[in-house]
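Encoded as structure tokens, the structure appears first; notes follow it.
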Amino acid sequence: MSTTPVIGVLALQGDVREHLIALAAADAVARPVRRPEELAEVDGLIVPGGESTTISKLAVLFGLMEPLRARVRDGLPVYGSCAGMIMLADKILDPRSGQETIGGIDMIVRRNAFGRQNESFEAKVDVTGIEGDAVEGLFIRAPWVESVGAEAEVLAEYGGHIVAVRQGNALATSFHPELTGDHRVHALFVDMVRATRTAAS
0 MSTTPVIGVL ALQGDVREHL IALAAADAVA RPVRRPEELA EVDGLIVPGG
50 ESTTISKLAV LFGLMEPLRA RVRDGLPVYG SCAGMIMLAD KILDPRSGQE
100 TIGGIDMIVR RNAFGRQNES FEAKVDVTGI EGDAVEGLFI RAPWVESVGA
150 EAEVLAEYGG HIVAVRQGNA LATSFHPELT GDHRVHALFV DMVRATRTAA
200 S
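Each residue of the sequence shown is one higher than the one before, counting from 0 in numbering that gives the first Met the number 0.
Rendered as structure tokens:
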């Protein structure tokens with residue numbers, strides 16, 4: 000078995016290209032995923048930033064929502080940034096009408112909690128599990144986590160709010176590491192995928 004994991008990026012909407020580049024920099028084979036048969040071929044998946052309501056509706060439209068939920072339930076390593084964090088939450092505090100999530104992390108998130116597009120900012124975030132300097136986090140209409148369940152581990156806070164969480168094989172950040180050139184969050188996720196593949200082999 001090849002030691003290089005194949006990691007998909009959900010390519011329905013959002014900053015897909017940047018995640019593909021960051022994954023390649025973190026020594027993974029990166030592929031866009033738009034259909035259930037493409038989802039079946041990956042060892043891990045990233046749900047990118049973008050617009051969570053749009054991603055939710057397109058996932059349903061493309062027949063991906065139920066296969067996504069099933070694979071995450073079965074232990075597929077998954078990482079969500081910004082809108083992806085919302086998609087991995089078991090509950091949204093203020094969902095749009097008809098908005099669904101994949102789930103996987105026992106947390107309640109608040110959409111657009113850090114403000115509008117013109118209130119975007121970059122900040123250094125200390126993330127548990129990532130060595131060296133603080134991670135450069137870009138917050139763009141970012142959510143934050145209101146609360147987590149007993150199974151979820153808080154990895155980072157900023158301004159008194161939870162901005163990075165892990166639960167088992169699921170990882171989520173409020174911010175966009177793929178837009179800063181700092182690929183350490185992606186490297187952490189690739190390591191999670193490798194560990195899962197090793198355990199399964």
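The beta-carbon is built from N, C-alpha and C at its ideal position, and this holds for glycine as well. Since the model is a prediction, treat every value here as computed from it, not as a measurement.
Residue of the options minimising C-alpha distance to residue i
{"i": "Pro-266", "options": "Val-162, Ala-171, Thr-179, Glu-177", "result": "The shown model of the chain, from 0 to 200, leaves out residue 266, and the question about it has no answer."}
{"i": "Gln-166", "options": "Val-124, Asn-111, Met-106", "result": "Met-106"}
{"i": "Ala-199", "options": "Gly-74, Gly-158, Glu-156", "result": "Gly-74"}
{"i": "Val-206", "options": "Ala-112, Ser-146, Leu-154, Glu-118", "result": "Coverage of the chain is limited to positions 0 through 200, which leaves residue 206 absent and any answer about it impossible."}
{"i": "Leu-137", "options": "Gly-180, Gly-103, Glu-150, Glu-145", "result": "Gly-180"}
Backbone secondary structure at residue i - three-state DSSP
{"i": "Asp-93", "result": "coil"}
{"i": "Glu-118", "result": "helix"}
{"i": "Phe-188", "result": "helix"}
{"i": "Leu-137", "result": "strand"}
{"i": "Val-71", "result": "helix"}
{"i": "Ala-29", "result": "strand"}
{"i": "Gly-7", "result": "strand"}
Within 8 Å, strictly: CB atoms of residue i and residue j
{"i": "Ala-27", "j": "Thr-52", "result": "no"}
{"i": "Arg-193", "j": "Ile-129", "result": "no"}
{"i": "Gln-116", "j": "Arg-140", "result": "yes"}
{"i": "Gly-103", "j": "Val-71", "result": "yes"}
Terminal residues of the alpha helix (DSSP H) in which residue i lies
{"i": "His-160", "result": "Segment 160-166 is the beta strand (DSSP E) holding His-160; no alpha helix (DSSP H) there."}
{"i": "Leu-38", "result": "35-38"}
{"i": "Thr-100", "result": "It is not in any alpha helix (DSSP H) - Thr-100 carries neither H nor E in the DSSP assignment."}
{"i": "Ile-54", "result": "51-60"}
{"i": "Val-41", "result": "Counting along the chain, Val-41 falls outside any alpha helix (DSSP H), and DSSP gives it neither H nor E."}
{"i": "His-22", "result": "Note that residue 22 is Leu in the sequence shown here, rather than His. Residues 15-24."}
Any non-hydrogen atom of the ligand NAD within 7 Å of residue i CB
{"i": "Val-8", "result": "As presented, the structure is devoid of all ligands, the ligand NAD included, so that no description of it is given."}
Assigned exposure category for residue i - 16 Cβ within 10 Å defines buried
{"i": "Ala-25", "result": "buried"}
{"i": "Gly-131", "result": "exposed"}
{"i": "Glu-177", "result": "buried"}
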